[in-house]
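Scroll down for the structure; my scribbles are underneath it.
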Amino acid sequence: AGMYEIDRELGSGGGGIAYLGWHTRLNKQIVLKADKGKLSTSEESRRREVDMLKNLSHTYIPQVYDYVEEKGVVYTVMDFIDGESMDKMLARGEKASQPQVIRWACQLLEALYYLHSQPPHGILHGDIKPANIMLRPNGNICLIDYNIALALGENGTEKVGFSRGYASPEHYGADYLASQGLSISGFTTAHSRAFGEVRSRENIVGTKNVSSAEDRTSANEEETLADTDRTLADGEETLSDADRTLTDSEKTLPDGDKTLADGDGMRASFLSAQGSKYVYSEKQVVLLDVRSDIYCLGATLYHLISGKKPDQNALRVKPLGEDVCSPAVAAIIAKAMAPQADERYQTAQEMLNAFMQLHRQDRRVLQRKKRESFCAILLTMMFLAGGALTFVGQKQLQQRENALVLAEYSADALAQGNVSEAISLALSAIPSGSSILDAPVTAQAQYALSNALNIYDLSEGFKAVDMLELPGAPFGMRASPEGTYLAVIYAYEMAVYRMEDLRQVIVLPVLESALSDVAFVNETQLLYAGADGITLYDLEKLEALWTGETATSIALSGDGTVAVVVDRDASEAVAYSIADGSVITHLDFGELHQSVAVNDIFADPEDDIFTLNENGTLLAVSFSNGSVVIFDLEDSERDMILYEESEYTSFSGGFSGQYFAYVAAGDNGSVFGLVDTDQAAFVGGYEQTDSFLLQTDETGIYLASGNVLIKFDAESLSETELAYTGDVNIVSFAVKDGYALTATDDARFSFYDSGANLMSTESGTQNFDFTLLAGDYAAVGNRSETSVRILCLEDFDDALLLSYDARYDHDEARLSQDLSKVMLFGYQGFRIYTLEGEMVAQVELPDADYIYDQQFRRNADISYLEVIWYDGTVRCYSAVDGKLISESVEEAPSADLYEEFYTDQYVIASELHSAPMVYRRSDGKEVAVLESDDYLTYVTQTGEMLITEYVTASGERYGLLLDSNFETLAYLPNLCDVLDDLLFFDYESGNIRQCRLYSLQEMIALGEAYFE
């Protein structure tokens, strides 16, 4: 279609061939599914089918965008789903854990409930199996392969294909049900009518049966009725080799004037005028309904959790034992796979409720009480019978193994920004501890929970709030100026969320185009491309204030008083007053129009200029012929033509005060330009081969190219660096209130402070197309994934202990024993501050290049800094006033930096380039090996736990909280000191913050409070 390119084949099956493709204009991966058989149906039927699929928009279903006919093949264009199908996981011999299966089951059931609820009677997937379930890198699933999906009639639908082992008994037909002794009373039945060509020249009187499904088994276990078996049902069906339609009232024979009356539905005969013979036949068929999908899903879950494909005969499926999953989960799967449909879950929602109830009970106190009661009774019986200790040991081992897996999943979820999932999984890894069947809490579970809660990272910056799951991949995102709301447009709705708690405020229908735009007028009102026309909506009143003409693109003045809108590639724009929706003027573009793809439902390339200045008097527009014009909405005589025509195909631009900045790109390179609109004069700019990214507002002009983001000063034409991304290139960015957010082509995004210092970096699975900064919030997402990460700026002012001059270079920060002073020190010297920020001492150390080591010492009477030189000189300086309190000459220290640290029971030996070793003090026996990647600097005992402090080769400091078995319970970034149960953290921003150690019970309470 001049828009899609095929890259390579992904796979093939009974439904067709899937190709990895490329959208040439949007530079976006897609999937094209080729099916020659679809040409056997009428174009109207094909269009109706694709329109049905295009209207589907759900988190766990790929978005269908288009269909294309080319060289006798029909291609369905849809989302590329990154990941692998679950059959590959099973082929490797992997089994899924119970928590995984429950999570996937809930997602699949949400997708099925959505499909089954589509008007008028629902959509049946028809072939659910591991090969048709994609596992995304973020752990979520996507239900794929809609070549078999059918729109349900009032009573169901006939099958077109299935896969043995996953198919329900009714998939095999009425004869099969009867042979297995299964009743068909629970199903709707119908008569299947078909024509089949024969080569005999005799008259045929037919009751010939259509071949049964058992006789059509394909190599890949997919069975599809042949093209000659063309079933006529529920209205009208079209024969593939002619335009011959049979209706319920009359059945017209090909090439003749012979009519089959409805009176004899089982028998009829005719002779073709051309000598070919056709057989008309009927047989009783079972109509599939939503319960058939329920069975397929149950069989799929059975395979995933057990690693074994269920028997294709539903009566011979072996029940799942306790060695595979819990009895409650086994019962859900067994009910879904009941041979008799009436005994299954009757809807996807009913089965989903069963899983959700199971999940809630596992997490809530009520279930814990039930479990405790059950365990008490069970243990009493087992103690009476004997063997209790063995049983308890096995149960605890199983719990520990499960906890380790859940802790890993929690870490994976946190890496994807899914905070709620990370906390939930970490909590699930922690047993209640109220029964002897409960294993002790693993260190890995505590570590996962402390990380998910992020309780020990007190650095200023944007921290993950949670992952926002959308019904479909976003076309565009906008935030209100202060970050109160986030509006996301997908196919074909706009959902508005409250940033504070990610609760959905409203969902509104938008025009069926990926170009549909939205703009916030102020903090509570937004203008969007509604299905009924451009609409101003109030988020506090939850009502539309006014509606105008149909439009896709919106240009809003900086002061929020004027909006200009245009519909796709229309040659006229309309200006509205925001106050009352009245039309200010119509702007005629003449023969010009903006560049719009033939298929505008796929994605918004955002490669056009359509923007207003601050007061709404100037409108800048780029057009498909490469021209760029600044229209004066008050006086057309003052219009400015920047390009009357050009070879540029991609544009971006905006106003900043009296200046208009723009970038343009084409095959021969890119250009950045600056225009003074007051003087109607070109100010300057430059060209290069690499592309530019541009953002403008009243605070300035921001330009990114390659690995550098700058602020461009229009008055002085000078540049100020805001971010440098090293060896990766910037693909999108946002700047607001002194902070910069960049997304780079290595699927990462990073935050920078006002001094262009890197604050934090996080990674994803794909490059981030959308980056937003608004108020204290940030949002990042891409056009291919249905999840958006939300982050919030945290300053931890309530944890602030001391602010000091951040320019002072030092290696460590330590507190005096009485918590009244803070010493910042390094090999060059030290400073001492009061907690009020007053500097009471500054000392430069002599012969700094010959200092061997420094150690901060504390005891009940005094705190001091001990400095050791290579010649054996030792000087001690007071941590209160900085005065020299002692000086001596000892034996020259060894050059290997060997150190020993002592606790009540252990001695930890550390030397350069070797892992620290832990020995028991009583007998000198080695008991553990500590973290070996970095250099150990301090060891502090706090109760039964240890805190080890490290410094990396690049000078970064961190600590680890260890339990009595030397397993890590928490990571402590930027840790600088420990006093009793107080932790102190030193940050480059010139702030020292403090918090206390949290107990496990406190962390559990924080986790539960998160969900409340």
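Count along the sequence shown from 1, add 5, and you get the number used in this note's numbering. Positions of the beta carbon are idealized from the N, C-alpha and C atoms, including for glycine.
Spatial neighbours of residue i in its chain, beta-carbon cut-off 7 Å, leaving aside the 5 residues before and after
i, result
"residue 614", "625, 626, 627, 633, 656, 657, 658 and 667"
"residue 427", "415, 418, 419 and 457"
"residue 344", "174, 187, 319 and 320"
"residue 67", "83, 84, 86, 147 and 149"
"residue 504", "488, 489, 490, 491, 782 and 795"
"residue 986", "947, 1001 and 1002"
Continuous beta strand (DSSP E) stretch holding residue i: start and end
i, result
"residue 92", "First-last for residue 92: 91 to 96, but that is the alpha helix (DSSP H), not the beta strand (DSSP E)."
"residue 675", "674 to 681"
"residue 568", "567 to 571"
"residue 147", "146 to 148"
"residue 631", "Looking at the DSSP string, residue 631 is not in any beta strand (DSSP E), and its letter there is neither H nor E."
"residue 869", "868 to 874"
"residue 28", "21 to 28"
"residue 957", "It is not in any beta strand (DSSP E) - residue 957 carries neither H nor E in the DSSP assignment."
"residue 722", "Neither: residue 722 is in no beta strand (DSSP E) and is coded neither H nor E."
"residue 40", "33 to 40"
Beta-carbon proximity list for residue i, same chain, < 6 Å, skipping 5 on both sides
i, result
"residue 449", "409 and 412"
"residue 949", "969"
"residue 314", "170 and 308"
"residue 578", "569, 571 and 592"
"residue 479", "493, 495 and 786"
Supposed contact pair residue j and residue i - C-beta distance, whole angstroms, cut 8 Å
i, j, result
"residue 560", "residue 616", "5 Å"
"residue 783", "residue 746", "6 Å"
"residue 853", "residue 833", "5 Å"
"residue 678", "residue 693", "In fact, because the Cβ distance is near 12 Å, the residues do not count as touching under 8 Å."
"residue 586", "residue 541", "6 Å"
For residue i, the three-state DSSP class (helix, strand or coil)
i, result
"residue 1010", "helix"
"residue 767", "strand"
"residue 210", "Only weak support exists for where residue 210 lies, its pLDDT of 33 falling under 50; the value from the coordinates is given anyway. DSSP places residue 210 in strand when its eight states are reduced to three."
"residue 1017", "coil"
"residue 338", "helix"
"residue 926", "coil"
"residue 59", "helix"
"residue 645", "strand"
"residue 598", "coil"
"residue 591", "strand"
"residue 978", "strand"
"residue 12", "strand"
"residue 880", "strand"
"residue 737", "strand"
"residue 135", "helix"
"residue 499", "strand"
"residue 950", "strand"
Residues near residue i in its chain [Cβ-Cβ closer than 8 Å; skip 5 each side]
i, result
"residue 9", "26, 27, 28, 29, 35, 37, 73, 80 and 82"
"residue 738", "698, 700, 707, 709, 714, 728, 745, 746, 747, 748 and 776"
"residue 17", "23"
"residue 114", "302, 353, 354, 356, 357 and 360"
Alpha helix (DSSP H) segment containing residue i, residue limits
i, result
"residue 305", "295 to 311"
"residue 456", "448 to 458"
"residue 126", "Careful: residue 126 lies outside any alpha helix (DSSP H) and carries neither H nor E."
"residue 425", "424 to 433"
"residue 108", "103 to 121"
"residue 180", "179 to 184"
Near the ligand ADP: residue i beta-carbon under 7 Å from a heavy atom
i, result
"residue 705", "Absent from the structure shown: the ligand ADP. Ligands present: none."
Proximity winner among the options, relative to residue i (alpha-carbon distances)
i, options, result
"residue 5", "542, 934 and 299", "Because residue 5 is not part of the residues shown, which for the chain are 6 to 1017, the question remains open."
"residue 712", "751, 686 and 681", "751"
"residue 7", "491, 602 and 141", "602"
"residue 471", "862, 597, 776 and 796", "796"
"residue 296", "779, 58 and 121", "121"
"residue 425", "501, 305, 621 and 794", "794"
"residue 958", "528, 941 and 972", "941"
"residue 705", "665, 584 and 972", "665"
"residue 823", "829, 840, 836 and 811", "840"
"residue 406", "436, 600 and 889", "436"
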